[in-house]
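Below you'll find the structure, written out as structure tokens, and then a few comments.
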Amino acid sequence: MAEGKLIVFSAPSGSGKTTIVQYLLAQEELNLDFSISCTSRDPRGDEQHGREYYFITLKDFKQHIKQGDFLEWEEVYRDNFYGTLKSEIERIWATGKNVIFDIDVVGGLRIKKKFPDQTLAVFVKPPSVDELKRRLKKRKTESEERINMRIAKASVELATAPQFDYTIKNHDLQTALDEAKNLVGHFIENGHAQTKTK
Ligand code: 5GP
Numbered sequence: 197m198a199e200g201k202l203i204v205f206s207a208p209s210g211s212g213k214t215t216i217v218q219y220l221l222a223q224e225e226l227n228l229d230f231s232i233s234c235t236s237r238d239p240r241g242d243e244q245h246g247r248e249y250y251f252i253t254l255k256d257f258k259q260h261i262k263q264g265d266f267l268e269w270e271e272v273y274r275d276n277f278y279g280t281l282k283s284e285i286e287r288i289w290a291t292g293k294n295v296i297f298d299i300d301v302v303g304g305l306r307i308k309k310k311f312p313d314q315t316l317a318v319f320v321k322p323p324s325v326d327e328l329k330r331r332l333k334k335r336k337t338e339s340e341e342r343i344n345m346r347i348a349k350a351s352v353e354l355a356t357a358p359q360f361d362y363t364i365k366n367h368d369l370q371t372a373l374d375e376a377k378n379l380v381g382h383f384i385e386n387g388h389a390q391t392k393t394k
């Protein structure tokens with residue numbers, strides 16, 4: 197099987213990485229396909245099984261762990277498990293595409309460590325923690341308690357930025373989208389990231 201590239205986007209929840217990943221997926225020349233993760237959390241809003249995530253029970257998730265089916269997995273929030281199935285990457289590579297991940301910082305760095313040369317690991321930095329809070333509240337899909345849980349985690353996640361190949365600051369969305377597109381396009385063509393920003 198021909199192995200393609202792995203493009204990892206990691207960031208605190210609410211920093212805009214999902215918007216960036218969706219934009220990149222729409223750029224045909226990048227030849228990307230989305231790595232659909234498994235999660236034990238419930239669907240939010242109009243999320244669909246097999247599109248945003250494979251929504252599975254905690255019991256099935258633990259079974260996959262036991263069987264060694266995951267490339268990586270994390271209990272990102274208490275009782276909310278997320279993981280990338282090895283079969284998902286194989287499925288995408290078999291179609292000749294590159295894989296793009298929207299994944300937490302620990303999982304992202306784990307993939308970079310497993311496939312150092314094939315992976316571009318990008319961290320998306322929100323303007324500030326206050327702005328993150330505002331964005332999460334605006335989303336209106338989660339309880340106050342869950343939002344606070346995500347914000348508490350954000351500071352820990354922000355500290356991991358220097359371990360990534362590249363950091364995109366998402367102050368202005370269009371600028372961040374352009375930067376992401378250039379960065380990924382360059383990596384796919386040349387096999388290495390342009391310059392590091394911290
Ligand atoms: P959400 O519940 O907002 O969809 O995702 C919560 C966090 O889990 C986000 O940071 C998301 O990127 C991350 N995540 C999604 N899929 C995976 C995965 O397969 N593995 C890991 N480690 N994190 C994931």
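Residue numbering for the sequence shown follows the numbering used here, starting at 197 and increasing by one per position. Don't be surprised by glycine CBs; every beta carbon is placed ideally from N, CA and C. Note that this is a predicted model, so its numbers are computed, not measured.
### Task
Pick out whichever of I296, Y278 and G381 has its Cα sitting closest to the Cα of E286.
Of the listed residues, the one whose Cα sits closest to E286 is I296.
### Query
Among all the DSSP beta bridges, which residues are the ones paired with S324?
Paired residues: none, contrary to the question.
### Stretch-stretch touch, CB-based, cutoff 8 Å, three pairs: the stretch 313 to 321 with the stretch 277 to 293
At 8 Å Cβ cutoff, the stretches do not touch.
### Query
How about S209: is its Cβ closer than 8 Å to a heavy atom in ligand 1?
yes
### Message
So for I367, helix, strand or coil by DSSP?
### Response
Inspection of the sequence shows that residue 367 is occupied by His rather than by Ile. Of the three classes helix, strand and coil, the one that applies to H367 here is coil, per DSSP.
### Query
Can you name, in chain order, every residue of its own chain whose Cβ lies under 8 Å from the Cβ of G212, other than the five neighbours on each side?
V320, P322, R331, N366, L369 and A372
### Query
What is the residue span of the beta strand (DSSP E) that G279 lies within?
N276 to L281
### Message
Just to confirm before moving on: does the CB-CB distance between G210 and R306 stay below 9 Å?
### Response
In this structure, G210 lies away from R306, with their beta-carbon atoms at least 9 Å apart.
### Task
With a threshold of 8 Å, establish whether the CB of Y278 neighbours any heavy atom of ligand 1.
For ligand 1, at least one heavy atom lies less than 8 Å from the Cβ of Y278.
### Query
With a cut-off of 8 Å, do at least 3 Cβ pairs link the stretch 199 to 208 to the stretch 259 to 268?
Touching, no.
### Task
Under 8 Å by Cβ, that's how I've got T214 and D298 pegged, so tell me the actual separation to the nearest angstrom.
6 Å
### Query
Apart from the five residues on each side of it in sequence, which residues of its chain come closer than 6 Å, Cβ to Cβ, to G387?
none
### Message
Counting C-beta neighbours from all protein chains within 10 Å, is the total for H260 16 or more, i.e. buried, or is it exposed?
### Response
buried
### Query
Once you ignore the five residues that flank N276 on each side, which residues in its own chain have a CB closer than 8 Å to its CB?
T235, S236 and R237, listed in sequence order.
### Query
If you draw a straight line from the C-alpha of Y250 to the C-alpha of P239, how long is it?
10 Å
### Task
Measure how close the beta-carbons of Y278 and S351 come, nearest whole angstrom, since I'm counting them as under 8 Å.
About 20 Å separates the two Cβ atoms, so there is no contact after all.
### Query
If we call anything under 9 Å between Cβ atoms a contact, is T253 one with V318?
no
### Query
Considering only residues of the same chain and omitting the five flanking positions on each side of G304, which have a CB-CB separation below 6 Å?
V204, S206 and A317
### Query
Tell me which same chain residues have a C-beta within less than 8 Å of the C-beta of Q218, skipping the five on either side of it?
Its chain contains no residue whose beta carbon lies nearer than 8 Å to that of Q218 once the 5 sequence neighbours on both sides are disregarded.
### Query
Per DSSP, I203 forms a beta bridge with which residues?
I296 and L316
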